[in-house]
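Enquirer: So the sequence shown is numbered by my numbering: it starts at 467 and just counts up by one.
C-beta atoms are modelled at their ideal positions from N, C-alpha and C, and glycine is treated no differently.
Model, not experiment: these values are computed from the prediction.
Dumping the structure here so I can ask a few things about it.
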Amino acid sequence: MTTAAQLRKTALSHPQAAEGGGPVFTVGGEEFAALDPDAHVRLRLPAADAEDLVSQHATAARSGDWVRLPIADINGQALDHWVRRAWLSCAPPELAALASAAERADGAGDLPKAIGRPATRALVGAGITTLDQVARLSDAELGALHGVGPKAVRILREALDAR
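Given below as structure tokens:
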């Protein structure tokens, strides 16, 4: 069973995502996900994605750009995927392009894969794609990026030292 805490963690792991009341999650001023008081998650998705989600979950319902389903009816991995798709559809084009590039091997420059996808997304979302750019930042600045934890900072420093 997926929880509101997992929705929050997933939504806020994306660059420039913000939380409002409700909870409602936005990027670039656009709402991409929310949790309704009756424990239904709402996701703003492109038409093809919305149809896919509705076809995969019997309790999902589509209304325009939104798909709504009980949060307990979707597993965590699927929720992560659909929140990511919703974020990508609402993010400003430049930010979405950077984030998409982070998922491709060539999009993250020479950042080590061992830092993990959340850290890579956070760095690329902040415009940091190379170890040279990382070298200009303090550990505190790196750690302040949502998704970059102590382990990722350690791996980045080790990669810099190895160069």
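Bridge partners of H506, per DSSP?
Expert: Sequence index remark: in the sequence shown, residue 506 carries index 40 (1-based). P536, per the DSSP bridge assignment.
Enquirer: Check whether the Cβ atoms of T586 and L577 lie closer than 7 angstroms to each other.
Expert: Position 120 of the sequence shown, counting from 1, holds the residue named residue 586. Position 111 of the sequence shown, counting from 1, holds the residue named residue 577. Result yes, Cβ atoms of T586 and L577 sit closer than 7 angstroms.
Enquirer: Would you kindly work out how many angstroms separate the C-alpha atoms of G609 and I581, rounded to a whole number?
Expert: In the sequence shown, the residue the question calls residue 609 occupies position 143. In the sequence shown, the residue the question calls residue 581 occupies position 115. If I take the Cα positions, the gap works out to 12 angstroms.
Enquirer: When DSSP builds the beta bridges, which residues end up paired with A501?
Expert: For the purposes of this step, residue 501 is taken as the residue at position 35 of the sequence shown. Checking the sequence, you will find Leu at residue 501 rather than Ala. According to DSSP, residue pairing for L501 in a beta bridge involves V507.
Enquirer: For V493 versus W553, is the C-beta spacing smaller than 7 angstroms?
Expert: Numbered from 1 along the sequence shown, position 27 holds the residue referred to as residue 493. Numbered from 1 along the sequence shown, position 87 holds the residue referred to as residue 553. Result yes, Cβ atoms of V493 and W553 sit closer than 7 angstroms.
Enquirer: Buried or exposed: where does A470 fall if 16 or more other Cβ atoms within 10 Å of its Cβ makes it buried?
Expert: For the purposes of this step, residue 470 is taken as the residue at position 4 of the sequence shown. A470 is exposed by the Cβ-count criterion.
Enquirer: Would you mind reading off the limits of the alpha helix (DSSP H) that contains G591?
Expert: Counting from 1 along the sequence shown, the entry for residue 591 is found at position 125. Its alpha helix (DSSP H) spans residues 583-591.
Enquirer: For G609, does the three-state DSSP call read helix, strand or coil?
Expert: In the sequence shown, counting from the first residue as 1, residue 609 sits at position 143. In the structure shown, G609 sits in a helix (DSSP, three-state: H, G or I).
Enquirer: Any idea if R602 is buried or exposed, counting beta-carbon neighbours within 10 angstroms, 16 or more meaning buried?
Expert: Against the sequence shown, residue 602 aligns to sequence position 136. Burial call: exposed.
Enquirer: DSSP three-state label for R620, please.
Expert: Along the sequence shown, one-based indexing puts residue 620 at 154. In the structure shown, R620 sits in a helix (DSSP, three-state: H, G or I).
Enquirer: Drop a sphere of 10 angstroms on the beta-carbon of L545, count the other beta-carbons inside from all chains shown, and report buried for 16 or more, exposed for fewer.
Expert: The count along the sequence shown starts at 1 and reaches residue 545 at position 79. Buried is the call here.
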